[in-house]
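Here the structure comes first, spelled out in C-alpha cells, and everything after it is commentary.
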C-alpha cells in the first residue's frame, strides 16, 4: 500500500503546477464506494474533460462465525485517470479510464473450537492464528456515467453524481498460519492452501466493483 501522505503531496504538487499553468481548472472533493477523494478536472475540448483523482478510506469489522473469531481491515486506495465525454455539452457525461488499484482486505482469524481446514479437523492449538490478505489487479479499467461538469462555462460551484463499474479482476488471496503446533507441517500447509483456493473462488464475484459517488467542485 502506498502511503497516503506521499500520494497527497504528489497530487498537491501537481495541483499547484497545473493551477499556475492553465485556467479553467476544477478542483473537487467526493465521497462514495471508493472512499473519500480529491479530484482535478481540466477541459480538453468543449465536450471532453480529463480528470485525475485520489480516493482512500479504511474501516474495520470483527465478529465470530463457526467457532472462529475474526478481524477484518478494509483498506481502499485508488488513483484515477479518467476521460469524460459530455455528448450534449451539458452536465450528463460518460466516462472511461483506468485506476491504480491498491484496494486490499487484511484478515486475522483465531479458532475457538475444532475447525475443518481442507477436509481435516484441527484443534485451536494446532492451527494458531491464521492471517490472510486479499488483493486485486494493480491496474483496473473503469466505465461509468454521471452528471456534473466541474469546468462548465459560467459555473464556479458544481455538484456531481456518478455510477460505474471498476473491473478489478478476481482477488488474489494468501493465507498464513503462525503460533500453532502444526503451523509448519507440510500436510497442514497443503490443507491451508486448499482453503486459500476456495476463498479465492468464493470472492471471485467481486471482480466487478460497483462505484457510486457524490461530489462538489470549484472552478478556478
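Residue numbers (the numbering used here): 50 to 269. Backbone N, C-alpha and C fix where the C-beta goes; we use that ideal spot for every residue, glycine too.
The residues 125, 185, in chain order, have a CB closer than 6 Å to that of residue 152 in the same chain once the five nearest residues on each side in sequence are set aside. Residue 109 counts as exposed, since fewer than 16 other beta carbons sit within 10 angstroms of its beta carbon. Distance check between residue 189 and each of 114, 223, 216 places 216 closest, using alpha-carbon atoms only. When rounded, the separation of the alpha-carbon atoms in residue 74 and residue 187 is 28 Å. A distance of 8 Å or more separates the beta carbons of residue 229 and residue 166. A distance below 6 Å between beta-carbons, with the five flanking residues on each side excluded, links residue 149 to the following residues of its chain, in chain order: 128. Annotation for residue 103: the continuous beta strand (DSSP E) segment containing it runs 97-114.
In this structure, the beta-carbon distance from residue 266 to residue 76 falls below 8 Å. Around the beta carbon of residue 118, fewer than 16 other beta carbons lie within 10 angstroms, which makes this residue exposed. The three-state reading of DSSP puts residue 118 in strand, counting E and B together.
As for any beta strand (DSSP E) of minimum length 3 sitting wholly inside the segment 222-246, there is none. By the criterion of a C-beta distance shorter than 7 Å, residue 146 is surrounded in its chain by 129, 130, 131, 132, 191, once the five residues flanking it on both sides are discounted. Using a Cβ distance threshold of 8 Å, residue 181 and residue 173 do not count as a contacting pair. In the DSSP assignment, the residues bridged to residue 150 are 127. Across the structure, residue 87 and residue 237 are spaced so that their CA atoms are roughly 46 Å apart. Within 10 angstroms of the beta-carbon of residue 268 lie 16 or more other beta-carbons, which makes it buried. Annotation for residue 227: 177, 178 place their beta carbon closer than 6 Å to its own, counting only its chain and skipping 5 residues before and after. For the segment 160-196, the continuous alpha helix (DSSP H) assignments of 4+ residues that do not extend past its boundaries occur at 173-176, in sequence order. In terms of Cβ geometry, residue 144 and residue 195 form a close pair [threshold 8 Å].
Our two residues, residue 122 and residue 244, have alpha carbons roughly 20 Å apart in a direct line.
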